[in-house]
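A.B. asks:
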Ligand code: SAM
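Numbering (our numbering), first residue to last: 1 to 216.
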């Protein structure tokens with residue numbers, strides 16, 4: 001697939017839309033302006049790639065809305081070299097945004113079809129996060145602790161395991177709520193047994209599945 005002047009123009013418009021909704025981090029805006037989102041769309045939907053909307057990617061899952069990706073990424077306050085664990089690889093778009101901001105990315109996906117597709121496709125685009133297949137709702141202890149953890153599916157509660165796997169000073173960004181709507185939380189681990197929780201606006205995600213998700 002080509003990345004034409006037309007696509008680049010549509011991407012600049014998308015950056016303006018996301019900026020207009022309140023995203024200020026220039027690095028996040030630059031990543032959205034750089035990544036060819038239309039590469040993630042099947043032919044029938046490619047014309048919609050630069051709308052600020054979530055779209056189906058197969059296996060009943062979605063590529064998140066660009067504003068949502070930008071909002072979660074901004075909340076992470078990434079520093080180059082941060083070790084980031086992402087739960088819900090999906091299309092891989094969010095993983096690429098994290099890589100563009102200089103993070104070392106560990107990403108896990110529950111749907112085998114998506115894991116296989118994305119772990120094959122992203123390296124073809126020149127991006128190489130560490131891909132894993134399985135249930136990330138209880139984290140991935142073997143590579144912990146992480147500087148940052150981002151959950152890109154809606155969780156019923158905050159899994160304790162994710163707090164345990166954060167470094168002191170680390171940040172977990174997670175949408176928590178019911179099936180219809182979830183509130184975005186930023187949880188900072190301020191000491192070994194202490195967290196600070198900040199709450200933000202509501203979003204709508206596909207459900208976090210697995211042991212600490214919706215399917216027990
Ligand atoms: N970050 C993705 C992107 O940029 O395309 C967002 C994808 S979608 C909103 C959320 C993803 O979380 C889905 O692909 C879904 O299969 C995955 N997921 C749900 N529960 C999971 C779990 N317990 N472990 C890992 N992935 C999970």
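Where a beta carbon is used, it is the ideal one built from N, C-alpha and C, also for glycine.
Give the range of the beta strand (DSSP E) segment to which residue 191 is assigned.
C.D. replies: As a first step, residue 191 is located in the chain shown; it is residue number 191 there, counting from the start. That run of the beta strand (DSSP E) goes 182-191.
A.B. asks: How about residue 143 and residue 107: are their beta carbons less than 8 Å apart?
C.D. replies: Counting from 1 along the chain shown, the entry for residue 143 is found at position 143. Counting from 1 along the chain shown, the entry for residue 107 is found at position 107. In this structure, residue 107 does not lie closer than 8 Å to residue 143 by Cβ.
A.B. asks: Ignoring anything shorter than 3 residues or poking outside the stretch 49-120, list the beta strand (DSSP E) runs there in chain order.
C.D. replies: Complete beta strand (DSSP E) runs here, min 3: 55-58, 61-63, 83-87 and 104-109.
A.B. asks: Ignoring anything shorter than 4 residues or poking outside the stretch 123-187, list the alpha helix (DSSP H) runs there in chain order.
C.D. replies: Within the stretch 123-187, the complete alpha helix (DSSP H) runs of at least 4 residues are 160-164.
A.B. asks: The ligand SAM heavy atoms versus the CB of residue 69: any closer than 7 Å?
C.D. replies: Counting from one through the chain shown, the residue named residue 69 turns up at place 69. For the ligand SAM, at least one heavy atom lies less than 7 Å from the Cβ of residue 69.
A.B. asks: Among all the DSSP beta bridges, which residues are the ones paired with residue 202?
C.D. replies: Translated into the one-based positions of the chain shown, residue 202 becomes position 202. Paired residues: 183.
A.B. asks: When burial is assigned at 16 or more other CB atoms within 10 Å of the CB, is residue 148 buried or exposed?
C.D. replies: Within the chain shown, numbered from 1, the residue matching residue 148 stands at position 148. By the 10 Å Cβ count, residue 148 comes out buried.
A.B. asks: Determine the burial state of residue 110: buried for a count of at least 16 other Cβ atoms within 10 Å of its Cβ, exposed for fewer.
C.D. replies: Locating residue 110 in the chain shown gives position 110, where the first residue counts as 1. Buried.
A.B. asks: With three or more beta-carbon pairs closer than 8 Å as the criterion, would you say the stretch 22-36 touches the stretch 63-74?
C.D. replies: Contact holds: three or more Cβ-Cβ distances are below 8 Å.
A.B. asks: Which residues does DSSP list as the beta-bridge partners of residue 196?
C.D. replies: On the chain shown, position 196 is the one that residue 196 refers to. Bridge partners of residue 196: 188.
A.B. asks: Might you give, ordered along the chain, the residues of its own chain that have their beta carbon closer than 8 Å to the beta carbon of residue 67, omitting 5 neighbours on each side?
C.D. replies: For the purposes of this step, residue 67 is identified with residue 67 of the chain shown, where counting begins at 1. Around residue 67: 17, 18, 21, 23 and 52.
A.B. asks: For residue 36, list the residues DSSP reports as bridge partners.
C.D. replies: Taking the chain shown and counting its residues from 1, one reaches residue 36 at position 36. Paired residues: none, contrary to the question.
A.B. asks: Please go through the same chain and pick out, in chain order, the residues whose beta-carbon is closer than 6 Å to the beta-carbon of residue 104, but skip the five residues on each side of it.
C.D. replies: The residue given as residue 104 occupies position 104 in the chain shown. Only 83 meet the Cβ criterion.
A.B. asks: Nearest by alpha-carbon distance to residue 81: which of 210, 98 and 70 is it?
C.D. replies: Counting from one through the chain shown, the residue named residue 81 turns up at place 81. Closest option to residue 81, Cα to Cα, is 98.
A.B. asks: Taking 7 Å as the cut-off, is the beta-carbon of residue 164 closer than that to any non-hydrogen atom of the ligand SAM?
C.D. replies: Residue numbering aside, residue 164 sits at position 164 when the chain shown is read from its first letter. No, Cβ of residue 164 sits at least 7 Å from all heavy atoms of the ligand SAM.
A.B. asks: Should residue 212 go down as buried or exposed, given a rule of 16 or more other Cβ atoms within 10 Å for buried?
C.D. replies: Within the chain shown, numbered from 1, the residue matching residue 212 stands at position 212. Buried, since its Cβ has 16 or more Cβ neighbours within 10 Å.
A.B. asks: What are the boundary residues of the alpha helix (DSSP H) that residue 14 is part of?
C.D. replies: Against the chain shown, residue 14 aligns to sequence position 14. From DSSP, the alpha helix (DSSP H) with residue 14 extends over 5-20.
A.B. asks: For the stretch 59-66 against the stretch 120-139, do three or more pairs of beta-carbon atoms, one drawn from each stretch, fall closer than 8 Å, so that the two count as touching?
C.D. replies: At 8 Å Cβ cutoff, the stretches do not touch.
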